[in-house]
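**Q** Before anything else, here's the structure in question.
Number of protein chains: 2
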Amino acid sequence: MNFLKERIQRDGIIKPGNVLKVDCFLNHQIDVAFLKQIGQEFKRRFADVKIDRIMTIEASGIGIACITALYFDVPVVYAKKTNAVAANDELYTAEVKSYTHNCTNTIIVSRKYLPANENILIIDDFLANGCALQGLISIVRQAGANVAGIGIVIEKGFQMGGTIIRNLGYRLESLAVVESMDSDNGKIHFRKPL
Amino acid sequence: MNFLKERIQRDGIIKPGNVLKVDCFLNHQIDVAFLKQIGQEFKRRFADVKIDRIMTIEASGIGIACITALYFDVPVVYAKKTNAVAANDELYTAEVKSYTHNCTNTIIVSRKYLPANENILIIDDFLANGCALQGLISIVRQAGANVAGIGIVIEKGFQMGGTIIRNLGYRLESLAVVESMDSDNGKIHFRKPL
């Protein structure tokens with residue numbers, strides 16, 4: 001996965017408050033050739049797992065999920081963010097706190113697009129506190145489907161999201177885990193693979 | 001483009017008020033193999049045009065834009081929706097009214113990701129009143145870039161958005177143009193190609 005760490009080192013911008021901006025290749029401008037490498041790597045890591053469907057959350061997960069889905073040959077469903085929604089027979093819902101935007105969103109997935117008993121691969125760009133991921137897992141569980149794996153492009157290893165999810169026994173593969181970063185000198189340290 | 005019209009006929013759901021729901025394959029659940037056909041068709045239609053970059057708007061345009069970009073071998077940039085933003089040297093902005101959601105959003109694109117003089121292909125899932133598209137064109141013009149083409153998956157031909165954009169001389173290719181639809185009998189009539 002050196003291509004990813006090299007790209008983060010080269011093009012990522014560290015802002016005070018442990019903010020890592022990768023919007024020049026991942027989540028505003030999108031380097032689609034780079035996403036193909038990401039998709040291939042997720043396929044390699046989950047090659048032994050039966051995947052029926054990829055699930056992500058709007059907006060920044062969608063491009064990654066769609067390109068990754070080409071390598072798994074499965075459909076994508078993305079959770080939508082909304083301000084509020086009445087209890088509803090047609091939707092699965094979860095509350096998700098965003099620390100980045102300091103607000104709480106409801107995320108929704110139509111029940112039609114998350115059948116029971118399927119094996120779901122959850123894909124997202126970032127994992128930090130893990131609130132979005134917890135909401136996605138909750139929705140898969142509501143559906144009676146199975147979280148077969150979780151693929152994250154960049155995990156902030158100094159925040160608790162990843163640790164909690166691994167403690168719960170989920171198979172979480174983060175392609176790059178940032179252990180620390182310094183907005184003064186621009187240095188990023190990555191966790192060594194096990 | 002029969003594959004698209006057939007899919008809309010088969011899986012689209014017409015709701016009262018001229019609402020056409022295609023969220024089972026295009027903008028909630030995403031059939032990625034189908035998006036490849038869409039991307040190939042956009043490439044065929046714009047084969048004679050030099051394209052440097054594909055631009056779209058979150059969230060439902062992102063998957064279509066990313067898969068289409070594979071066939072053009074160019075980066076994607078997507079406009080983000082936000083509630084309000086102060087005038088800003090780093091951003092291009094436009095106001096976009098959403099009739100679907102009865103609100104006005106500001107859409108933003110970082111100036112860094114829309115260089116002057118590039119040839120931009122704008123891609124989106126739907127064109128109805130055309131407010132989102134007008135905002136995207138405005139942002140391309142602010143950047144001093146060139147709208148080389150506009151590719152829409154489904155145009156509601158009974159609304160004015162497409163007519164206005166064609167009247168202004170833009171090259172707009174809509175893969176399916178719905179002339180009328182009837183929520184009582186589920187029938188959809190498409191415009192015949194010229």
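The listed protein sequences derive, respectively, from chains A and B.
Residue numbering for the first sequence is 1 to 194, as defined by this note's numbering.
Residue numbering for the second sequence is 1 to 194, as defined by this note's numbering.
Glycine included, each C-beta is placed from N, C-alpha and C at the ideal position.
All of these numbers come straight from a predicted model, not from anything done at the bench.
Taking just the CA atoms, how far does Lys80/A sit from Val96/A?
**A** Using only the alpha carbons, I get a separation of about 11 Å.
**Q** Quick one: does Tyr99/A have its CB under 8 Å from some CB of chain B?
**A** It does not; no Cβ of chain B falls within 8 Å.
**Q** Just mark Ile13/B as buried or exposed, buried being the case when its beta carbon has 16 or more other beta carbons within 10 Å.
**A** Exposed, because fewer than 16 other Cβ atoms sit within 10 Å of the Cβ of Ile13/B.
**Q** Can you list the residues of chain A that Val76/B reaches, using a CB-CB cut of under 8 Å?
**A** In chain order: Gln29, Ile30, Val32 and Gly63.
**Q** Classify Gly144/A as helix, strand or coil using the three-state DSSP reduction.
**A** Coil at Gly144/A, not helix or strand.
**Q** From the beta carbon of Ala59/B, is the nearest beta carbon of chain A less than 8 Å away?
**A** Cβ-Cβ to chain A under 8 Å: yes for Ala59/B.
**Q** Taking 8 Å as the CB-CB cut-off, is Ser110/B touching chain A?
**A** By this cut-off, Ser110/B is an interface position.
**Q** Following a CB-centred definition, is Thr82/A positioned closer than 7 Å to any heavy atom of the ligand HEM?
**A** Among the components of this structure there are no ligands whatsoever, and the ligand HEM is therefore not found.
**Q** So with Cβ pairs under 8 Å, would you call Ile67/B a contact of chain A?
**A** Chain A contact via Cβ: present.
**Q** If you follow the alpha helix (DSSP H) that Leu70/B is in, where does it begin and where does it stop?
**A** Where Leu70/B is concerned, the enclosing alpha helix (DSSP H) stretches over Ser60 to Phe72.
**Q** Per the DSSP calculation, Thr82/A is bridged to which residue(s)?
**A** Thr82/A pairs with Thr106/A.
**Q** If you draw a straight line from the C-alpha of Ile8/B to the C-alpha of Gln9/A, how long is it?
**A** Those two C-alpha atoms are separated by around 44 Å.
**Q** Let me know the secondary structure DSSP gives Tyr92/A once reduced to three states.
**A** Reduced to three states, the DSSP call for Tyr92/A is strand.
**Q** Take Gln29/A as the anchor and find which of Phe3/B, Asn167/B and Pro115/B has the nearest alpha-carbon.
**A** Of the listed residues, the one whose Cα sits closest to Gln29/A is Pro115/B.
**Q** I'd like to confirm the pairing. Which residues does DSSP put opposite Gln159/B in its beta bridges?
**A** According to DSSP, which records beta bridges pairwise, Gln159/B is partnered with nothing at all.
**Q** Mapping the DSSP letters down to three states, classify Ser138/A as helix, strand or coil.
**A** Helix.
**Q** Going along chain B in order, which residues have a C-beta closer than 7 Å to the C-beta of Leu70/A?
**A** Residues of chain B passing the Cβ test: Val32.
**Q** Identify, in the order they occur along the chain, each residue of the same chain with its Cβ nearer than 7 Å to the Cβ of Ile165/B, setting aside the five sequence neighbours on each side.
**A** Correct list, in chain order: Gly130, Leu133, Ile150 and Leu172.
**Q** Listing by chain order, which chain B residues have their CB less than 9 Å from the CB of Tyr113/A?
**A** Under the 9 Å cutoff, chain B gives Asp23, Cys24, His28 and Gln29.
**Q** What is the residue span of the alpha helix (DSSP H) that Lys43/A lies within?
**A** Segment Val32 to Arg45, the alpha helix (DSSP H) holding Lys43/A.
**Q** In the DSSP assignment, find the unbroken alpha helix (DSSP H) run with Phe25/A in it and report its ends.
**A** Where Phe25/A is concerned, there is no enclosing alpha helix (DSSP H), given that its DSSP letter is neither H nor E.
**Q** Is Leu172/A close to chain B, meaning its C-beta is less than 8 Å from at least one C-beta of that chain?
**A** So, not an interface residue.
**Q** Looking at the secondary structure, which residues open and close the alpha helix (DSSP H) in which Ile8/B lies?
**A** Taken as a continuous stretch (DSSP letters only), the alpha helix (DSSP H) holding Ile8/B covers Asn2 to Asp11.
**Q** Could you compute how far the alpha carbon of Ala87/B sits from the alpha carbon of Leu136/B?
**A** Approximately 17 Å, taken between the alpha carbons.
**Q** In this structure, does DSSP put Leu168/B in helix, strand or coil?
**A** DSSP places Leu168/B in coil when its eight states are reduced to three.
**Q** Would you mind telling me which residues of chain A sit closer than 8 Å to Lys80/B, beta carbon to beta carbon, in chain order?
**A** Those are His28 and Ala59, listed as they occur along chain A.
**Q** From the DSSP output, which residues share a beta bridge with Ile14/A?
**A** DSSP output for Ile14/A lists Leu20/A as bridge partner(s).
**Q** Tell me which residue opens and which closes the beta strand (DSSP E) that Ile51/B is part of.
**A** No beta strand (DSSP E) holds Ile51/B; DSSP gives it neither H nor E.
**Q** On the DSSP bridge list, what partners appear for Asn119/A?
**A** For Asn119/A, which the question treats as bridged, DSSP gives the partners Asn146/A.
**Q** Can you list the residues of chain B that Leu35/A reaches, using a CB-CB cut of under 8 Å?
**A** The answer, in chain order, is Cys66.
**Q** Quick check on the burial criterion: 16 or more other C-beta atoms within 10 angstroms. Buried or exposed for Gly61/A?
**A** Buried.
**Q** Assuming the contact rule is C-beta atoms closer than 8 Å, Val178/B and Gly157/B should be a hit. Round their C-beta distance to whole Å, please.
**A** Contact holds; Cβ gap of about 6 Å.
**Q** Report all residues from its chain with a CB closer than 6 Å to the CB of Ala69/B; omit the five preceding and five following residues, and keep chain order.
**A** Same-chain partners within the cutoff: Ile54 and Val76.
**Q** Report all residues from its chain with a CB closer than 6 Å to the CB of Ala94/A; omit the five preceding and five following residues, and keep chain order.
**A** If we look at Ala94/A and ignore the five residues flanking it on each side, its Cβ neighbours are Ile107, Gly135, Ser138 and Ile139.
**Q** Can you tell me whether Ala132/B is helix, strand or coil according to DSSP?
**A** Helix at Ala132/B.
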